[in-house]
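For reference, the structure is listed below as structure tokens.
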DNA sequence: CCGTGGCGTGACCGCTTGGTCATATCGCGC
DNA sequence: GCGCGATATGACCAAGCGGTCACGCCACGG
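Protein chains in written order, with our numbering: chain A, 3 to 220; chain B, 3 to 220.
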């Protein structure tokens, strides 16, 4: 948890610091990220970091939570009340998730690192919480889909959640390949590239089509 | 590439060294792995490592290649000439791949790290080669499956390979969860746990069933 | 005008890292 | 048993790390 001092910070100074930290953890995983580089980029003294947070891990946790909440809020906000059936919902979530990733490459890369972080005792809790949140979200969709009869009732629920999770998380890699996008470059440049609607749509049609045939009732 | 000196090593000394290195890179990703810990465990001097390899990266590349070749050979050897259709082939590859992972947790963890390694300039080439090899393998299966009419001809080939790859690679995580298995513990213990045939079979039936409905012709 | 508490600061600490190299040892051909 | 190339060795190096802390500044209340 951030210390009170952090919350009392002048807004622009706080933003400079958070920006620098976001950049660092987007470019490097937890272990490789350097507090020294953050303070250099933010133009503050090293000691200040420890006035704001308990340490590197505390800062990391704060940023991952921030990124996850921002992304979930984005996906939920864009969830137009429609999308009545399960596969439309999955498609919509994946679509907005991808749009978020490509427009906010720093958040996306940070979450990517957090997802695939090698599970050291230190970072285990952070990445577990992140994965649990995604699973819970999908689990809700799957349960509703089963209740609504959109999904075959004989499906193993864990397996279904797992298949969906993998495909949605890894969609980033596929789009990266297909569009020759580089998150590293985007983070360095400081701005994302809006993804072309038709191209994203075509990819999602294909992917959701496969999932639909694989999972739907009938 | 290993230097000639490495190849001239007495077999048991070489094995001790490779064992220690394997353990280290199974327990830690590339950056976190420590040459110092390897030489301590192997009971040799630090300087010796640099008589055998050009450096840490060279050693890492050697080990990843070794693990990948070992695993591919295992899967290919177990490929009983049967399994005539695409989905039987995928099921067989996934089954033997999983069996390999659980019986050789050191190789498996090493390959896991190599797969999800954050792409620094240093390790990028190693992990790209690994991914490319897996993709090429699956691509061969998909092309044959398309030619044989096992798969819908309107499928996007890249997308199909990508879906299969993700599910097979991540199968490890699912099995880990489901069976409460810990690769970390297994590496520490120095031995894998043979996976129960029926349980693995049930999981694969479910997974391949989903993929079959999603991808097959008809 | 003083005191006090919050905050900024950067030199500094202990530790670990990958890598080097002068030196010692080994083992084989003569 | 000599000589010589191959190999083993570990003290050593510079660099980087996360984290600390004594000190100084500044703003506010009395």
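Just so you know, even glycine gets a beta-carbon here, dropped at the ideal spot from N, CA and C.
Bridge-paired residues (DSSP) for residue i
{"i": "residue 71(B)", "result": "BP columns for residue 71(B) are empty, so no partner."}
{"i": "residue 208(B)", "result": "DSSP lists no partner for residue 208(B)."}
{"i": "residue 218(A)", "result": "153(A)"}
Amino acids of chain A, ordered along the chain, whose beta-carbon sits closer than 9 Å to that of residue i
{"i": "residue 115(B)", "result": "120"}
N-terminal and C-terminal residue of the alpha helix (DSSP H) that residue i is part of
{"i": "residue 162(A)", "result": "159-181"}
{"i": "residue 124(B)", "result": "123-150"}
{"i": "residue 93(B)", "result": "88-105"}
{"i": "residue 6(A)", "result": "6-9"}
{"i": "residue 190(A)", "result": "185-191"}
{"i": "residue 26(A)", "result": "13-29"}
{"i": "residue 56(B)", "result": "Run containing residue 56(B): none; DSSP gives neither H nor E here."}
{"i": "residue 40(A)", "result": "37-44"}
Where residue i falls, given that 16 or more other Cβ within 10 Å makes a residue buried
{"i": "residue 53(B)", "result": "exposed"}
{"i": "residue 125(B)", "result": "buried"}
{"i": "residue 119(A)", "result": "buried"}
{"i": "residue 9(A)", "result": "exposed"}
{"i": "residue 5(B)", "result": "exposed"}
{"i": "residue 149(A)", "result": "exposed"}
{"i": "residue 47(B)", "result": "exposed"}
{"i": "residue 58(A)", "result": "buried"}
{"i": "residue 200(A)", "result": "exposed"}
{"i": "residue 36(A)", "result": "exposed"}
{"i": "residue 26(A)", "result": "buried"}
{"i": "residue 110(B)", "result": "buried"}
{"i": "residue 99(B)", "result": "buried"}
{"i": "residue 15(A)", "result": "exposed"}
{"i": "residue 49(B)", "result": "exposed"}
{"i": "residue 12(B)", "result": "exposed"}
{"i": "residue 130(B)", "result": "exposed"}
{"i": "residue 115(A)", "result": "buried"}
{"i": "residue 107(A)", "result": "buried"}
{"i": "residue 38(A)", "result": "exposed"}
{"i": "residue 44(B)", "result": "buried"}
{"i": "residue 83(A)", "result": "exposed"}
{"i": "residue 28(B)", "result": "buried"}
{"i": "residue 31(A)", "result": "buried"}
{"i": "residue 81(B)", "result": "exposed"}
{"i": "residue 194(A)", "result": "buried"}
{"i": "residue 42(B)", "result": "exposed"}
Neighbouring residues, chain A, relative to residue i (Cβ below 8 Å)
{"i": "residue 249(B)", "result": "With chain B represented from 3 up to 220, any question about residue 249(B) goes unanswered, as that position is not in the structure."}
Residue i: contacting residues in chain B (beta-carbon distance under 7 Å)
{"i": "residue 216(A)", "result": "212, 213, 215, 216"}
{"i": "residue 172(A)", "result": "168"}
Contacts that residue i makes with chain B (C-beta to C-beta distance below 8 Å)
{"i": "residue 176(A)", "result": "160, 161, 164"}
{"i": "residue 34(A)", "result": "33, 120, 122"}
{"i": "residue 134(A)", "result": "Near residue 134(A) there are no residues of chain B at all, since even the closest Cβ is about 11 Å away, more than 8 Å."}
Partner residues on chain A for residue i, Cβ-Cβ distance less than 7 Å
{"i": "residue 70(B)", "result": "Near residue 70(B) there are no residues of chain A at all, since even the closest Cβ is about 19 Å away, more than 7 Å."}
Taking any Cβ of chain B, which residues in the region 179-212 of chain A have a Cβ under 9 Å from it, in chain order?
179, 180, 186, 204, 205, 208, 209, 211, 212
Check distances from the C-beta atoms of the region 16-32 of chain B to those of chain A and list, in chain order, the residues that come in under 8 Å.
30, 31
Cβ-based contacts, 8 Å cut-off: residues of the region 93-114 of chain B near chain A
none
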